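The sequence shown begins at 1 in UniProt numbering and counts up by one. What follows is a short report on a single structure.
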Amino acid sequence: MSFPITFKACVVNEPKAKYTILDRSLNAPGDNEVVIKITATAVNPVDWKMRNCDAFITEYPAVLGSDAAGIIYRQ
1 MSFPITFKAC
11 VVNEPKAKYT
21 ILDRSLNAPG
31 DNEVVIKITA
41 TAVNPVDWKM
51 RNCDAFITEY
61 PAVLGSDAAG
71 IIYRQ
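Written as structure tokens, this is what we have:
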């Protein structure tokens, strides 16, 4: 696998904005990091509450979503 690789991400560009799907880049993993090939993901209620209330987001664009399933692709 050569880096950087690209992937799709659910992004909010500014407070309370609509979700946008963008291509993002992933750099090579550092020490003690792995790359996970995501096979399923979801936007859960915490994600949309963070977007609607502008809570816990420290910078924009913000990539939302923390629920995912996949396989370890590279250690």
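Glycine included, every Cβ here is placed at the ideal spot set by N, Cα and C. This structure is a prediction, so every number in the text was calculated from the model and none was measured.
DSSP, read as helix, strand or coil, puts D47 in helix.
Ranked by Cα distance from D47, the first of I5, S25 and K16 is K16.
R24 sits exposed, since fewer than 16 C-beta atoms from the chains shown fall within 10 Å of its C-beta. Taken atom to atom, the span from the alpha-carbon of K18 to that of I72 is near 31 Å. Per DSSP, the continuous beta strand (DSSP E) segment holding L26 begins and ends at T20 to L26.
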